[in-house]
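Every position in the sequence shown, counted from 1, becomes a number in our numbering once 52 is added.
Single-structure report; data block below.
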Amino acid sequence: MTNSEKIDQFIANNDQSTIKDYHDKLFENLTVLNEKEDKLIVWQIVIIFLYLFAGNLKIENLSLGPVSITDSSLLSKLIPLVFVYVLYDLNSVSHQKQEILVAFNIISKSRFDKMFKQDDLNNYLTRIYKPYAFTNSISNFIREKASLVEIIFGLLILIPAMLIWTIPFVIVFSMIRDVYINHFNNLLDKLSFFVTIWITLVVAYQMIARMVMLYRKEN
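Right, dumping it as structure tokens:
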């Protein structure tokens with residue numbers, strides 16, 4: 053039984069009050085996850101800029117809460133670990149959000165869009181009910197019942213946006229390479245190198261596994 057079929061069964065076996073309560077909870081969860089996803093994206097950008105300029109920084113005493121950093125090279129060693137943690141957290145949040153969106157869209161369709169086509173899960177009423185997220189707004193370039201010209205134009209806009217998701221992995225590779233070439237002398241250096249590789253492989257595996265599962269469902 054697919055996730056969509058489970059949601060359909062949930063709708064069929066519960067009253068409107070229970071469905072509404074569950075739908076409202078999904079809305080709250082989506083709001084929280086959207087905010088966290090947007091913040092993690094901002095953190096990624098900040099860390100990337102910090103990494104790019106870390107080699108030129110002259111640090112005498114940088115305090116990050118209880119941690120005090122007096123060596124700029126230490127920053128270069130720790131940035132890959134922080135960045136790959138943010139990448140892992142962002143991937144986890146995005147995956148959870150996509151799972152919630154499946155249930156949210158189906159229940160929204162059942163509550164608000166019963167008179168429209170059964171296979172249209174992104175109808176106007178459903179779409180405007182979703183909590184705002186920057187990542188969701190990108191997909192709205194292709195609107196409902198768009199013309200061929202609008203679809204082509206929307207895809208031209210979305211392709212660069214999709215390529216942006218490869219940038220973190222390019223940055224991680226650059227960070228790993230930098231640590232290996234310039235900072236591979238002690239235990240902390242080696243720990244940063246291997247842990248960064250390990251977490252990156254975990255994220256890549258999760259993304260590939262989800263794409264394979266999606267492909268199998270569609271076929």
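Built from N, CA and C at the ideal position, the CB exists for glycine as well.
Note that the structure is a prediction, hence the values are computed from the model and not measured.
| Check | Outcome |
| --- | --- |
| Starting from Pro183, trace the alpha helix (DSSP H) in both directions and tell me its first and last residue. | It is not in any alpha helix (DSSP H) - Pro183 carries neither H nor E in the DSSP assignment. |
| Excluding the 5 residues preceding and the 5 following Gln148 in the sequence, name in chain order all residues of the same chain whose CB lies nearer than 7 Å to its CB. | Leu85 |
| Using 8 Å for Cβ pairs, my map puts Ile152 next to Ile63. What's the rounded Cβ distance? | Wrong, their Cβ atoms sit about 16 Å apart, outside the cutoff. |
| At what residues does the alpha helix (DSSP H) containing Phe62 begin and finish? | Asn55 to Ala64 |
| Would you call Ser69 buried or exposed, if buried means 16 or more other Cβ atoms sit within 10 Å of its Cβ? | exposed |
| Could you check which residue in Val231, Thr252, Tyr137 and Ser162 has the C-alpha nearest to that of Ile59? | Ser162 |
| Express the C-alpha separation of Asn234 and Asn55 in angstroms, rounding to a whole number. | 48 Å |
| Could you tell me whether the Cβ atoms of Val138 and Trp95 are closer together than 8 Å? | yes |
| What first and last residue would you give for the alpha helix (DSSP H) that runs through Asn237? | Unbroken run through Asn237: none, as it is neither H nor E. |
| What's the C-alpha gap between Pro118 and Arg229? | With a pLDDT of only 49 at Pro118, under 50, the local geometry of the prediction cannot be trusted, and no value is derived from it. |
| Specify the secondary structure class of Asp67 as computed by DSSP and reduced to three states. | coil |
| What whole-angstrom Cβ distance do Lys182 and Leu82 have, given they're in contact under 8 Å? | 7 Å |
| Excluding the 5 residues flanking Ile249 on each side, which residues of the same chain have their C-beta closer than 8 Å to its C-beta? | Ile228 |
| Applying the 10 Å Cβ sphere with the 16-neighbour rule, what's the burial state of Phe225? | exposed |
| For Phe221, which option in Arg262, Asn143, Arg179 and Met263 has the closest C-alpha, if you only look at C-alpha atoms? | Asn143 |
| Roughly how far, in whole angstroms, is the beta-carbon of Phe246 from the beta-carbon of Phe236, given that I think they are within contact range, below 8 Å? | The Cβ separation is near 11 Å, so there is no contact. |
| Would you check if the distance between the CB atom of Ala185 and the CB atom of Asp90 is smaller than 8 Å? | yes |
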